[in-house]
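*Asks:* Have a look at this one.
2 protein chains.
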Amino acid sequence: MDAIDTKIIDLLSADAKRSLADIGASVGLSPSSVNERVRRLTASGVIRRFTVDLDPVQTGMQTLVFVWIALRDDADEDAFRAYAAAHPLILECHHVTGAWSYLIKLRVGDTTRIEPFLADLKSRRFVGRSETVLALSSPVPGALVRKDDA
Amino acid sequence: MDAIDTKIIDLLSADAKRSLADIGASVGLSPSSVNERVRRLTASGVIRRFTVDLDPVQTGMQTLVFVWIALRDDADEDAFRAYAAAHPLILECHHVTGAWSYLIKLRVGDTTRIEPFLADLKSRRFVGRSETVLALSSPVPGALVRKDDA
DNA sequence: ATCCATTTCCGAAAAATATGCAGCACATGT
DNA sequence: ACATGTGCTGCATATTTTTCGGAAATGGAT
């Protein structure tokens with residue numbers, strides 16, 4: 007992970023379809039050298055995968071929601087984590103410091119989808135209390151990338 | 007955006023380096039047809055870009071932080087949004103419902119980097135109050151993808 | 001400083017992949 | 001029935017990736 011690797015990652019982040027020759031020209035290396043570096047970055051796990059950044063609107067996932075979760079005292083925490091990992095709407099789930107125990111980030115098509123989501127969480131007896139926060143607009147939206155569960 | 011497009015996007019999400027022939031075999035189309043569909047998906051903006059998913063640890067951004075922000079009454083909100091968009095550590099910034107006005111998601115190398123970050127926010131007179139939440143672990147970590155600011 | 005071992009790089013050939021296009025099939029609306 | 005538009009295929013071509021031998025650079029150790 008030297009300066010050239012960093013630059014290669016920057017370039018791939020912006021456009022992973024750029025050719026090895028293009029990248030080579032930018033970093034001052036031959037295509038084969040760039041190839042070898044990308045191979046190593048992938049093998050070592052710095053690059054986890056090549057993927058696509060999608061438009062939330064056109065994929066029908068317009069509404070961004072954060073849900074703070076306080077687990078029930080008797081909740082099966084492992085089961086909750088597995089549930090979160092498998093849930094198609096849940097983009098992220100973090101165990102966090104502070105008054106709440108978990109923070110879930112999810113995307114839904116519209117706000118009507120939130121209530122069933124919360125109802126399901128409660129019916130599975132994971133949640134004690136929860137607090138839902140909607141994103142109204144996003145000065146820095148972040149990328150939309152599918153979960154890596156292949 | 008028919009069922010085949012959806013499947014192509016699923017396949018590309020999991021591995022954007024898969025060849026057109028491979029994808030074609032999975033969806034029952036010739037390579038050229040897949041090529042044309044990918045071209046259209048990109049042109050129409052469904053696919054925003056091809057990119058890479060990185061390992062936070064190996065990129066030195068181990069610590070995930072959420073910061074709730076209440077802007078000062080006299081804060082220049084446009085300036086704040088521009089600042090957030092340009093800030094290298096800020097992965098996301100959302101205007102949200104609830105008691106706080108903004109939610110910022112950022113990654114830092116270690117917790118010592120948080121204080122300077124907050125200090126900078128305050129010195130620019132954006133922030134009234136703020137609350138910082140650290141992610142301790144992430145059952146669903148989400149992808150790490152660089153911001154699209156090329 | 002010199003030597004050796006290791007790594008990294010390059011260039012050229014070969015393999016794989018993407019691209020562009022003509023022609024065909026199918027559906028839609030007139 | 002006809003014309004129009006759209007999407008698909010298969011082929012030819014262009015581009016890109018991959019491989020590999022040998023050269024250059026790097027990094028210790030003496």
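Same order as they appear, the protein sequences are chains H and P. In this text, residue positions in the first sequence follow my numbering: the first is 7, and each later residue adds one. In this text, residue positions in the second sequence follow my numbering: the first is 7, and each later residue adds one. Cβ atoms here follow ideal geometry from the backbone N, Cα and C, with glycine treated the same way.
1) Looking at the strands, I want to know which residues DSSP matches up with L70 (chain P).
2) Quick one: residues in its chain with C-beta nearer than 8 angstroms to the C-beta of I14 (chain P), no 5 flanking neighbours on either side, listed in chain order?
3) Do G134 (chain P) and R54 (chain P) come within 8 angstroms of each other at the CB atom, strictly closer than that value?
4) Within 10 angstroms of its Cβ, does M67 (chain P) collect 16 or more other Cβ (buried), or is it exposed?
5) Run down chain H in chain order and give the residues with a C-beta less than 9 angstroms from the C-beta of A22 (chain P).
6) Measure the alpha-carbon distance for V71 (chain H) versus A9 (chain H) and round it to whole angstroms.
7) Using a C-beta to C-beta distance shorter than 7 angstroms, which residues of chain P count as neighbours of D82 (chain H)?
8) Which chain P residues sit within Cβ distance under 8 angstroms of D79 (chain H)?
9) Can you list, in chain order, the residues of its chain with a C-beta nearer than 6 angstroms to that of A76 (chain P)? Leave out the 5 residues immediately preceding and following it.
10) Within 10 angstroms of the Cβ of A22 (chain P), are there 16 or more other Cβ atoms? Answer buried if so, exposed if not.
11) Taking the alpha-carbon positions, what's the P122 (chain H) to I110 (chain P) distance?
12) Would you tell me roughly how many angstroms separate the C-alpha atoms of S50 (chain P) and T65 (chain H), rounded to the nearest one?
13) Can you grab the Cα-Cα spacing for the pair A88 (chain P) / V73 (chain P), in whole Å?
14) Does any C-beta atom of chain H lie closer than 8 angstroms to the C-beta of L35 (chain P)?
15) Consult DSSP for T65 (chain H) and reduce its assignment to one of helix, strand or coil.
16) In chain order, what residues of the same chain have a beta carbon less than 8 angstroms from the beta carbon of S144 (chain P), not counting five sequence neighbours either side?
17) For V102 (chain P), which of H:K128, H:D59, H:T118, H:V146 has the nearest alpha-carbon?
*Replies:* Checking against the coordinates, here is how it stands:
1) Locating residue 70 (chain P) in the second sequence gives position 64, counting from the first residue. Answer by DSSP bridge pairing, in chain order: P:R113.
2) On the second sequence, residue 14 (chain P) is found 8 positions in, with the first residue counted as 1. Answer for I14 (chain P): I29, V33, V40, R43, V44, L47, listed in chain order.
3) In the second sequence, the residue the question calls residue 54 (chain P) occupies position 48. In the second sequence, the residue the question calls residue 134 (chain P) occupies position 128. Taking 8 angstroms as the Cβ cut-off, R54 (chain P) and G134 (chain P) do not qualify as a contacting pair.
4) Your numbering for residue 67 (chain P) matches position 61 in the second sequence. Classification for M67 (chain P): buried.
5) Here residue 22 (chain P) refers to the residue found at position 16 when the second sequence is read from its first residue. Neighbourhood of A22 (chain P) in chain H, by CB distance below 9 angstroms: A22, K23, R55, F56, T57, V58, in chain order.
6) Within the first sequence, residue 71 (chain H) is the residue found at index 65, counting from 1. Within the first sequence, residue 9 (chain H) is the residue found at index 3, counting from 1. Using only the alpha carbons, I get a separation of about 37 angstroms.
7) As a position in the first sequence, residue 82 (chain H) is number 76, starting the count at 1. What D82 (chain H) touches in chain P: nothing, since even the nearest Cβ is about 13 angstroms away.
8) Here the question's residue 79 (chain H) lines up with position 73 in the first sequence. Those within 8 angstroms of D79 (chain H) in chain P number zero; the least Cβ separation is about 19 angstroms.
9) Position 70 of the second sequence, counting from 1, holds the residue named residue 76 (chain P). The answer, listed in chain order, is W106, S107, G134, R135.
10) As a first step, residue 22 (chain P) must be located in the second sequence, where it is residue number 16. Buried: at least 16 other Cβ atoms inside 10 Å.
11) Taking the first sequence and counting its residues from 1, the one referred to as residue 122 (chain H) is at position 116. Taking the second sequence and counting its residues from 1, the one referred to as residue 110 (chain P) is at position 104. Their Cα atoms are separated by approximately 27 angstroms.
12) Translated into positions along the second sequence, residue 50 (chain P) becomes position 44. Translated into positions along the first sequence, residue 65 (chain H) becomes position 59. Going by the C-alpha atoms only, they are around 12 angstroms apart.
13) Position 82 of the second sequence, counted from the first residue, corresponds to residue 88 (chain P). Position 67 of the second sequence, counted from the first residue, corresponds to residue 73 (chain P). Approximately 17 angstroms, taken between the alpha carbons.
14) Along the second sequence, read from residue 1 onward, the residue named residue 35 (chain P) stands at position 29. Taking Cβ atoms only, chain H never reaches closer than 8 angstroms to L35 (chain P), which makes this a no.
15) Within the first sequence, residue 65 (chain H) is the residue found at index 59, counting from 1. DSSP places T65 (chain H) in coil when its eight states are reduced to three.
16) Along the second sequence, one-based indexing puts residue 144 (chain P) at 138. Leaving aside the five residues that flank S144 (chain P) on each side, the residues in its chain whose CB is nearer than 8 angstroms to its CB run, in chain order, L70.
17) Here residue 102 (chain P) refers to the residue found at position 96 when the second sequence is read from its first residue. Nearest in C-alpha terms to V102 (chain P), of all of H:K128, H:D59, H:T118, H:V146, is H:V146.
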